[in-house]
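**Student:** I'd like to ask some things about the structure below.
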Amino acid sequence: MIRTNLKPAVISAVVVVVLSGLLMGVRLNQDGTNLTLVGAGPDVYWKIAIAAAFIFFYNLFRDHLAALWKAMPGMPKTPVQLIEASKKPILRRLFWCFLIALAILWPFISNRGGTDLATLVLIYVMLGLGLNIVVGLAGLLDLGYVGFYAVGAYGYALLAMYFDVGFWTGLISAGCLAALFGFLLGFPVLRLRGDYLAIVTLGFGEIIRILLNNMTWLTNGPNGIGGIPKPTLFGLEFSRKASEGMQTFHEFVGIDYSSEHRVMFLYLLALLLVLITLFVINRLLRMPIGRAWEALREDEIACRALGINPTSVKLGAFTIGASFAGFAGCFFAARQGFISPESFTFIESAIILAIVVLGGMGSQIGIILAAIIMTILPELAREFNEYRMLLFGLMMVLMMIWRPQGLLPMNRPHLELRT
Amino acid sequence: MPESLYYFLQQLLNGLTVGSTYALIAIGYTMVYGIIGMINFAHGEIYMIGSYIAFIVIAALAMFGIESVPLLIFAAFAISMLVTSAYGYSIERVAYRPLRGGNRLIPLISAIGMSIFLQNLVRIAQGSRDIAMPTLVTGGIDIGPQDAFHASLSYMQMIIFAVTLISMVLLTLFISRSRMGRACRACAEDLKMTNLLGINTNGIIALTFVIGAALAAIAGVLLGMYYGVINPYIGFMAGLKAFTAAVLGGIGSIPGAVLGGLLLGVTEAITAGYFSTEYKDVVSFGLLILILLFRPSGILGRPEVEKV
Amino acid sequence: MSRPLLEVSGLTMRFGGLLAVDGVQLSVQPGQIVSMIGPNGAGKTTVFNCLTGFYKPSGGKIIFDGREIQGLPGFKVARRGMIRTFQHVRLFSEMTVVENLLVAQHQHMNTSMLAGLFKTPGYRRSEREAMERAAYWLKRTNLHEFANRPANTMSYGQQRRLEIARCMVTQPKLLMLDEPAAGLNPRETDDLKALIAELRDNHELTVLLIEHDMKLVMSISDQIVVINQGRPLAAGTPDQIKQNPDVIKAYLGET
Numbered sequence: 001m002i003r004t005n006l007k008p009a010v011i012s013a014v015v016v017v018v019l020s021g022l023l024m025g026v027r028l029n030q031d032g033t034n035l036t037l038v039g040a041g042p043d044v045y046w047k048i049a050i051a052a053a054f055i056f057f058y059n060l061f062r063d064h065l066a067a068l069w070k071a072m073p074g075m076p077k078t079p080v081q082l083i084e085a086s087k088k089p090i091l092r093r094l095f096w097c098f099l100i101a102l103a104i105l106w107p108f109i110s111n112r113g114g115t116d117l118a119t120l121v122l123i124y125v126m127l128g129l130g131l132n133i134v135v136g137l138a139g140l141l142d143l144g145y146v147g148f149y150a151v152g153a154y155g156y157a158l159l160a161m162y163f164d165v166g167f168w169t170g171l172i173s174a175g176c177l178a179a180l181f182g183f184l185l186g187f188p189v190l191r192l193r194g195d196y197l198a199i200v201t202l203g204f205g206e207i208i209r210i211l212l213n214n215m216t217w218l219t220n221g222p223n224g225i226g227g228i229p230k231p232t233l234f235g236l237e238f239s240r241k242a243s244e245g246m247q248t249f250h251e252f253v254g255i256d257y258s259s260e261h262r263v264m265f266l267y268l269l270a271l272l273l274v275l276i277t278l279f280v281i282n283r284l285l286r287m288p289i290g291r292a293w294e295a296l297r298e299d300e301i302a303c304r305a306l307g308i309n310p311t312s313v314k315l316g317a318f319t320i321g322a323s324f325a326g327f328a329g330c331f332f333a334a335r336q337g338f339i340s341p342e343s344f345t346f347i348e349s350a351i352i353l354a355i356v357v358l359g360g361m362g363s364q365i366g367i368i369l370a371a372i373i374m375t376i377l378p379e380l381a382r383e384f385n386e387y388r389m390l391l392f393g394l395m396m397v398l399m400m401i402w403r404p405q406g407l408l409p410m411n412r413p414h415l416e417l418r419t
Numbered sequence: 001m002p003e004s005l006y007y008f009l010q011q012l013l014n015g016l017t018v019g020s021t022y023a024l025i026a027i028g029y030t031m032v033y034g035i036i037g038m039i040n041f042a043h044g045e046i047y048m049i050g051s052y053i054a055f056i057v058i059a060a061l062a063m064f065g066i067e068s069v070p071l072l073i074f075a076a077f078a079i080s081m082l083v084t085s086a087y088g089y090s091i092e093r094v095a096y097r098p099l100r101g102g103n104r105l106i107p108l109i110s111a112i113g114m115s116i117f118l119q120n121l122v123r124i125a126q127g128s129r130d131i132a133m134p135t136l137v138t139g140g141i142d143i144g145p146q147d148a149f150h151a152s153l154s155y156m157q158m159i160i161f162a163v164t165l166i167s168m169v170l171l172t173l174f175i176s177r178s179r180m181g182r183a184c185r186a187c188a189e190d191l192k193m194t195n196l197l198g199i200n201t202n203g204i205i206a207l208t209f210v211i212g213a214a215l216a217a218i219a220g221v222l223l224g225m226y227y228g229v230i231n232p233y234i235g236f237m238a239g240l241k242a243f244t245a246a247v248l249g250g251i252g253s254i255p256g257a258v259l260g261g262l263l264l265g266v267t268e269a270i271t272a273g274y275f276s277t278e279y280k281d282v283v284s285f286g287l288l289i290l291i292l293l294f295r296p297s298g299i300l301g302r303p304e305v306e307k308v
Numbered sequence: 001m002s003r004p005l006l007e008v009s010g011l012t013m014r015f016g017g018l019l020a021v022d023g024v025q026l027s028v029q030p031g032q033i034v035s036m037i038g039p040n041g042a043g044k045t046t047v048f049n050c051l052t053g054f055y056k057p058s059g060g061k062i063i064f065d066g067r068e069i070q071g072l073p074g075f076k077v078a079r080r081g082m083i084r085t086f087q088h089v090r091l092f093s094e095m096t097v098v099e100n101l102l103v104a105q106h107q108h109m110n111t112s113m114l115a116g117l118f119k120t121p122g123y124r125r126s127e128r129e130a131m132e133r134a135a136y137w138l139k140r141t142n143l144h145e146f147a148n149r150p151a152n153t154m155s156y157g158q159q160r161r162l163e164i165a166r167c168m169v170t171q172p173k174l175l176m177l178d179e180p181a182a183g184l185n186p187r188e189t190d191d192l193k194a195l196i197a198e199l200r201d202n203h204e205l206t207v208l209l210i211e212h213d214m215k216l217v218m219s220i221s222d223q224i225v226v227i228n229q230g231r232p233l234a235a236g237t238p239d240q241i242k243q244n245p246d247v248i249k250a251y252l253g254e255t
C-alpha cells in the first residue's frame with residue numbers, strides 16, 4: 001500500500017517545492033532602479049520543508065488516514081445545532097427569544113468599545129443575511145455584493161449632501177436605489193448561466209468603485225464624503241448641542257449628555273434592522289417565492305415546465321438581496337459619518353461571501369455566528385490581520401471540500417399538510 | 001498621411017499588443033470551460049504569479065552577472081511556465097477535482113477562495129508594493145515622418161506579437177495533430193463517453209489546466225516586461241478582462257478567445273486614446289454586458305442546446 | 001368535429017446538419033387521448049420539446065387553444081395550459097411531496113411581496129386554496145399519506161404518480177406525458193392507465209402521450225400518430241394503426 005503511494009507522494013512533495021520555492025523562498029527587492037533578490041530567511045525555508053514533508057507523508061499514508069477518518073465517530077453536535085434540529089418549535093422559539101434578549105441587553109452590560117464592535121458585527125450580519133438570500137436561497141453566486149453596499153452608502157451620503165435628506169428617508173431611498181441597481185444588473189445576466197453571473201457581478205463591484213473614484217464632481221473621488229448626518233430618533237439628535245430647529249435626546253429626556261447614548265442608540269438601531277431582516281427572510285422562506293427559489297436550485301427545467309419564469313424568480317432574489325445591502329450601506333454611512341471608495345473593495349465582498357460560506361448557505365443562525373467570528377477574530381489578534389485574507393481564502397476552499405453545507409447547515413421550515 | 005491617422009495607428013498597435021496577451025490568458029478560460037463547463041476563477045492569479053516568477057528569474061540571473069537579454073528572456077519563459085504549470089495542476093487537484101459533479105456553486109466558491117489565497121500568498125511573500133524592472137528590450141521602428149508626429153512599433157511589441165503567434169500555432173498543432181490533443185477535443189465533445197472509451201479524462205482535464213496556466217505565464221512574462229511594473233493585484237483585473245475576451249469571442253472556442261482578446265485590447269486602447277484612461281475598464285465591462293444581452297454565445301461560439 | 005385544442009403542421013427541427021423532426025402533423029381534439037409512437041430515436045421527445053418551448057422549432061406552426069405558440073419560451077407555453085412530464089423523473093427531490101405541489105401552483109398564487117410579508121387576507125386565501133388543491137390531488141393519486149415526506153423517499157411508481165399530480169394542480173388543458181409507464185410493473189401500469197382514462201373522462205382533460213407499452217397505447221388511445229425517423233408515418237385509430245402495413249413494417253414487425 002505504502003509502496004504504491006510512494007511515487008505520488010514524492011511527486012506531490014516536489015510539486016510543493018516547485019510551487020513555493022521561487023515564489024516564497026526569495027524576495028524581490030527594489031534597489032533604486034535595480035531589482036535584486038534577498039533570501040526570505042530560514043523560517044520560510046523551514047515552513048516550505050514542513051509543508052513538503054506534510055504533503056509527502058499525507059500522500060504516503062492517505063489510505064490509512066482515510067480508514068482512520070471513517071473509523072472516527074461523527075462530529076459531536078453543538079448545542080446550537082441540537083436546538084435548531086430539535087423537532088420542537090417551542091424550544092427553537094425560546095432559544096431565539098434568549099438570543100434577542102441578550103442582544104438587546106448587550107449595550108447595557110458591555111462597555112463602549114464592546115457596543116461599538118457589536119454594531120460592526122450587526123452590519124456584517126445584515127450583509128451576510130442579505131447575500132445569503134442570493135447565494136444560499138436562490139443559489140446565485142454574487143461576487144459584487146459590495147457594489148450594492150456602496151450604492152446604498154453613497155446614495156444616502158449624496159442625498160444628504162445635496163438635498164438635506166434625513167436618515168430615515170435616506171434609509172428607504174438607499175434600499176430602493178440599491179434594489180434598482182440590482183434589478184438593472186440582474187435583468188440581462190440572470191437569463192444566463194450561473195458562472196456568468198459570478199463574473200459580471202465581480203466586474204460590477206469593481207466598476208462601481210472605479211466610478212466612485214473618478215466621478216470627482218459628484219462623489220469627491222478618493223477623498224470621500226464627510227459630515228454625513230447621524231441617525232435621529234423621532235427627530236431627536238444624539239449630540240451635545242442641537243442643530244437649528246432640532247432637539248437633542250438628552251434634553252428631551254432630561255438627563256445629562258453622554259456620548260455613550262449615541263453608541264447605544266446606533267447599536268439598537270442596527271439590531272432593529274437585523275431583526276427586520278431576519279423577519280423578512282423567514283417570511284420569504286414560507287412564501288411562494290421562497291419555495292420557488294428552492295425548486296429552481298433543484299431543477300430549473302422542471303420549474304419551466306410548470307410555468308415558473310426562472311428569470312423573474314431569480315431577479316426577485318437578486319433585487320431583495322441588493323436592497324438589504326443598500327440598507328446596510330446607508331446605516332454604515334450614517335454611523336461612520338464619512339465614506340470613501342476605499343471601504344468598498346472586492347475584499348469586502350469576499351469577506352461577506354466567506355461569512356455566508358462559513359455559516360452554512362441558507363442558515364440564519366450560522367451566518368450570525370460566522371459574522372461574529374469573522375469580525376471579532378481580527379480585533380482580538382492584530383497580527384492575524386496580515387494573514388486574514390489568506391486564511392479566508394484557504395477556509396473557503398477547505399469548507400467547500402469538507403463541509404460545503406457550512407458549520408451550521410440550513411434547516412428549512414417545511415410547510416406541512418395537516419390531515 | 002495626416003497626424004490623426006498616425007495617432008489612430010499607434011492606438012491600434014498598442015491595443016493589439018495588450019489584446020494578444022488577453023488572448024493568451026483567455027485561451028486558458030476557454031479550454032477549461034470547453035471541457036468541464038466551469039470557469040477557472042483562479043486563472044488571473046496564475047498570470048500574476050507568472051509575472052512574479054519572471055521578475056525573480058531575471059533578477060537572479062542578473063545578480064549572477066548574466067547579461068545576455070535573449071538568454072534572460074528565454075529563462076524567464078521556461079521557468080515561469082514550469083512553475084505556473086505546477087500551479088495550474090495543483091488548482092485542478094485541490095479546488096476542482098474533489099468537487100466535480102456536485103452542485104455547480106461549490107467549485108466556483110472554492111476557486112474564488114483559491115484566487116484570494118494565491119493573491120495573498122504572493123502579497124505576504126513578496127510585499128504589496130509595486131515592483132519595477134529596468135527595461136530589457138529598448139528601441140523600435142518608427143512609422144511615418146521622422147520630423148512630425150508618427151507612430152512607433154517597439155521591439156518589445158514585436159516580441160509580444162511574435163511570441164503570441166508562435167504559441168497559437170503550437171497550440172493549434174497540438175490540439176489538431178497530437179493524440180493528446182485529439183483526446184482533449186473528445187473530452188470537450190462528451191466527457192463521460194470519452195471516459196468510457198478508456199481515456200484518462202482526469203489526466204486530460206489536468207492537462208487543460210496546465211496548458212492554460214502555461215499560456216497565462218507567457219502572457220505574464222510578456223506583459224510584465226512590457227509594462228515593467230507588477231504587484232500582487234494585477235491578476236484580478238487581467239482575469240476579468242481575459243474572461244470578457246473569452247465571452248466576447250464565444251466561450252469554448254479557441255479562435256474565438258484570440259479574436260475576443262484582440263478586439264477587447266483594441267477597444268480599450270481606443271477608449272484610452274480618445275476618451276479617458278480611467279474609463280477603459282468601464283467600457284470593457286459595458287461591452288461584456290452588451291454581448292451577454294444580445295449574443296450570449298459570443299462571436300464564434302455555438303449556441304448551447306440544452307439537454308432536456 | 002370541434003376546433004382542435006392542439007394543431008401542429010409542418011413541424012421541423014434541425015440540429016446543425018441533422019433533421020431530427022421533419023414535417024410532423026398533429027391534431028388533438030379536446031377530451032381525447034392521443035399517443036405518439038415510433039421506434040427509439042424517431043424524434044418523439046424532440047417533438048415534445050418543440051411543442052413545450054424547450055426547443056425553438058426550425059419551422060412549422062403550432063396552434064394551441066386558438067393561438068400560435070411556436071417560439072414562445074417554455075414557461076409561457078406552460079402558463080397557457082400545456083403541461084408536460086419528462087422521460088426521467090424530475091421532482092424537487094429535497095422538498096416534501098406537498099411542497100412539490102405548492103411550487104407547481106406558483107403561477108396561480110398571490111406572489112405579491114407585500115401581501116406575503118403582511119399575510120393579507122387575500123394571500124392567506126390563496127395559500128389555503130393551493131393547499132386544498134394539493135390535498136385533493138394527493139387523495140386522487142393515492143399519495144395522501146406521504147404528503148409531508150421528502151419526495152425522494154418514495155418508490156419509483158409513487159414518484160411517477162406524484163409527477164402527474166404535480167401537473168394536475170396547475171390545472172392544465174393539455175397534459176403531455178413522456179413515457180409515463182417506463183419502469184413501472186404491470187400493476188402500476190394498470191393503475192396509471194385507469195388514472196389517465198379517468199382524468200379524460202371526469203376532468204375533461206386532453207392527453208398527449210409518448211409510450212412504448214403497446215398494450216397501454218392500444219387500449220387507451222383515441223388517436224395514434226406514428227413517427228419514424230422524424231417523419232410522420234401514419235395516423236388513425238388504434239385499429240387502423242394495427243392494420244397499417246407501413247407501421248407493421250417499420251415498427252411493430254420488428255418486435
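Protein chains in written order, with the UniProt record's numbering: chain A, 1 to 419; chain B, 1 to 308; chain C, 1 to 255. Every residue, glycine too, gets a C-beta built ideally from N, C-alpha and C.
Counting only the same chain and skipping the five closest in sequence on each side, list residues whose C-beta sits under 7 Å from that of residue 222 of chain A.
**Tutor:** Against the first sequence, residue 222 of chain A aligns to sequence position 222. Hits under 7 Å: 213, 340, 341.
**Student:** Check the Cβ of residue 93 of chain C against every Cβ in chain A and list those closer than 9 Å, keeping chain order.
**Tutor:** If you number the third sequence from 1, residue 93 of chain C lands on position 93. Here the neighbours are 298, 299.
**Student:** Determine whether the Cβ of residue 110 of chain B lies closer than 7 Å to any Cβ atom of chain A.
**Tutor:** Numbered from its first residue, the second sequence carries residue 110 of chain B at position 110. At least one CB of chain A lies nearer than 7 Å to the CB of residue 110 of chain B.
**Student:** Is there a C-beta anywhere in chain A that falls below 7 Å from the one on residue 146 of chain C?
**Tutor:** If you number the third sequence from 1, residue 146 of chain C lands on position 146. No, its Cβ sits nowhere closer than 7 Å to a Cβ of chain A.
**Student:** Quick one: what's residue 228 of chain C bridged to in DSSP?
**Tutor:** Within the third sequence, the letter at position 228 stands for residue 228 of chain C. DSSP, once it has assigned bridges, lists C:231 as partnering residue 228 of chain C.
**Student:** Interface residues of chain B around residue 393 of chain A at Cβ under 9 Å?
**Tutor:** Looking up residue 393 of chain A in the first sequence gives position 393. Correct list: 112, 113, 114, 115, 116, 117, 118, 119, 120, 121.
**Student:** Counting only C-beta atoms, is residue 10 of chain B closer than 7 Å to chain A at any point?
**Tutor:** Within the second sequence, numbered from 1, the residue matching residue 10 of chain B stands at position 10. Not closer than 7 Å to any Cβ of chain A, the Cβ of residue 10 of chain B fails to qualify, so no.
**Student:** Please work out which residues of its chain come closer than 8 Å, Cβ to Cβ, to residue 83 of chain A, disregarding the five sequence neighbours upstream and downstream, and give them in chain order.
**Tutor:** Reading the first sequence from its first residue, position 83 is the one you call residue 83 of chain A. Summary for residue 83 of chain A: the model assigns pLDDT 48, below 50, so the residue's position carries little reliability; its value from the coordinates is reported in the next sentence. Within the same chain, residue 83 of chain A has close Cβ partners 91, 92, 95.
**Student:** Report the residues of the segment 56-85 of chain B with a CB closer than 8 Å to any CB of chain A, ordered along the chain.
**Tutor:** 56, 57, 58, 59, 60, 62, 63, 79, 82, 83
**Student:** From A:321, A:389, A:17, pick the residue whose C-alpha is nearest to that of residue 178 of chain A; which is it?
**Tutor:** Here residue 178 of chain A corresponds to residue number 178 of the first sequence, with the count starting at 1. If we check each option's Cα against that of residue 178 of chain A, A:321 comes out closest.
**Student:** Taking Cβ positions, are residue 22 of chain B and residue 264 of chain B nearer each other than 7 Å?
**Tutor:** Your numbering for residue 22 of chain B matches position 22 in the second sequence. Your numbering for residue 264 of chain B matches position 264 in the second sequence. It is a contact, given that the beta carbons lie within the stated cut-off.
**Student:** Checking 7 Å against the spacing of the C-beta atoms, do residue 128 of chain A and residue 356 of chain A come in under that value?
**Tutor:** Counting from one through the first sequence, the residue named residue 128 of chain A turns up at place 128. Counting from one through the first sequence, the residue named residue 356 of chain A turns up at place 356. Yes, Cβ-Cβ distance for residue 128 of chain A and residue 356 of chain A is below 7 Å.
**Student:** On the CB-based measure, 16 or more other CB atoms within 10 Å of its CB, does residue 200 of chain A come out buried or exposed?
**Tutor:** As a working mapping, residue 200 of chain A is identified with position 200 in the first sequence. Buried.
**Student:** Grab the span of the alpha helix (DSSP H) containing residue 25 of chain C for me, first residue to last.
**Tutor:** Counted from its first residue, the third sequence places residue 25 of chain C at position 25. Unbroken run through residue 25 of chain C is the beta strand (DSSP E), 18-28; no alpha helix (DSSP H).
**Student:** Report yes or no: do the segment 82-96 of chain C and the segment 162-180 of chain C share at least 3 C-beta pairs separated by less than 8 Å?
**Tutor:** Between the segment 82-96 of chain C and the segment 162-180 of chain C there are three or more inter-stretch CB-CB distances shorter than 8 Å, so the stretches are counted as touching.
**Student:** Contact between the segment 217-232 of chain A and the segment 194-208 of chain A: three or more CB pairs below 8 Å?
**Tutor:** no
**Student:** Which residues of chain A have a Cβ atom closer than 8 Å to the Cβ of residue 48 of chain C, listed in chain order?
**Tutor:** Position 48 of the third sequence, counting from 1, holds the residue named residue 48 of chain C. The contacting residues do not exist; residue 48 of chain C stays about 10 Å from chain A at best.
**Student:** Quick check on this structure: which residue in B:200, B:34, B:97 has the alpha carbon closest to the alpha carbon of residue 400 of chain A?
**Tutor:** Counted from its first residue, the first sequence places residue 400 of chain A at position 400. Nearest of B:200, B:34, B:97 to residue 400 of chain A, Cα basis: B:97.
**Student:** Taking 7 Å as the threshold (beta carbon to beta carbon), is residue 107 of chain C in contact with chain A?
**Tutor:** Position 107 of the third sequence, counting from 1, holds the residue named residue 107 of chain C. Under the Cβ criterion of 7 Å, residue 107 of chain C is counted among the residues facing chain A.
**Student:** For the beta strand (DSSP E) that residue 61 of chain C lies in, which residues bound it at each end?
**Tutor:** By 1-based counting over the third sequence, the position of residue 61 of chain C is 61. Looking at the DSSP string, the run of the beta strand (DSSP E) that includes residue 61 of chain C is 59-64.
**Student:** For residue 119 of chain B and residue 265 of chain A, what's the separation of their Cα atoms in angstroms?
**Tutor:** Within the second sequence, numbered from 1, the residue matching residue 119 of chain B stands at position 119. Within the first sequence, numbered from 1, the residue matching residue 265 of chain A stands at position 265. Cα to Cα, the separation comes out at about 39 Å.
**Student:** Measuring only the C-alpha atoms, how far is residue 95 of chain B from residue 397 of chain A?
**Tutor:** Mapped onto the second sequence, residue 95 of chain B falls at position 95. Mapped onto the first sequence, residue 397 of chain A falls at position 397. Roughly 6 Å separates the two Cα atoms.
**Student:** Here's a check: name, in chain order, each residue in its chain whose Cβ is nearer than 6 Å to the Cβ of residue 245 of chain B, leaving out the five neighbours to either side.
**Tutor:** Numbered from its first residue, the second sequence carries residue 245 of chain B at position 245. Answer for residue 245 of chain B: 22, 26, 260, 261, 264, listed in chain order.
**Student:** Which of the three DSSP states, helix, strand or coil, is assigned to residue 174 of chain A?
**Tutor:** Along the first sequence, read from residue 1 onward, the residue named residue 174 of chain A stands at position 174. Helix, per DSSP.
**Student:** Is the number of C-beta pairs between the segment 149-164 of chain A and the segment 322-333 of chain A that are closer than 8 Å three or more?
**Tutor:** yes
**Student:** Given that residue 287 of chain A touches chain C, what residues does it touch there, using C-beta distances under 7 Å?
**Tutor:** Translated into the one-based positions of the first sequence, residue 287 of chain A becomes position 287. By Cβ distance, chain C contributes 116.
**Student:** So with CB distances below 7 Å, who are the chain B contacts of residue 292 of chain A?
**Tutor:** Taking the first residue of the first sequence as 1, we reach residue 292 of chain A at position 292. Residues of chain B passing the Cβ test: none, with the nearest at roughly 18 Å.
**Student:** What does the Cβ neighbour count give for residue 47 of chain C, buried or exposed, with the cut at 16 atoms within 10 Å?
**Tutor:** Your numbering for residue 47 of chain C matches position 47 in the third sequence. With 16 or more Cβ atoms within 10 Å of its Cβ, residue 47 of chain C is classed as buried.
**Student:** Are residue 18 of chain A and residue 86 of chain B closer than 7 Å when you measure CB to CB?
**Tutor:** For this step, residue 18 of chain A is matched to residue 18 along the first sequence. For this step, residue 86 of chain B is matched to residue 86 along the second sequence. Closer than 7 Å, so yes.
**Student:** Using DSSP with H/G/I as helix, E/B as strand and the rest coil, what is residue 323 of chain B?
**Tutor:** Since the displayed chain B opens at 1 and closes at 308, residue 323 of chain B lies outside it and no answer follows.
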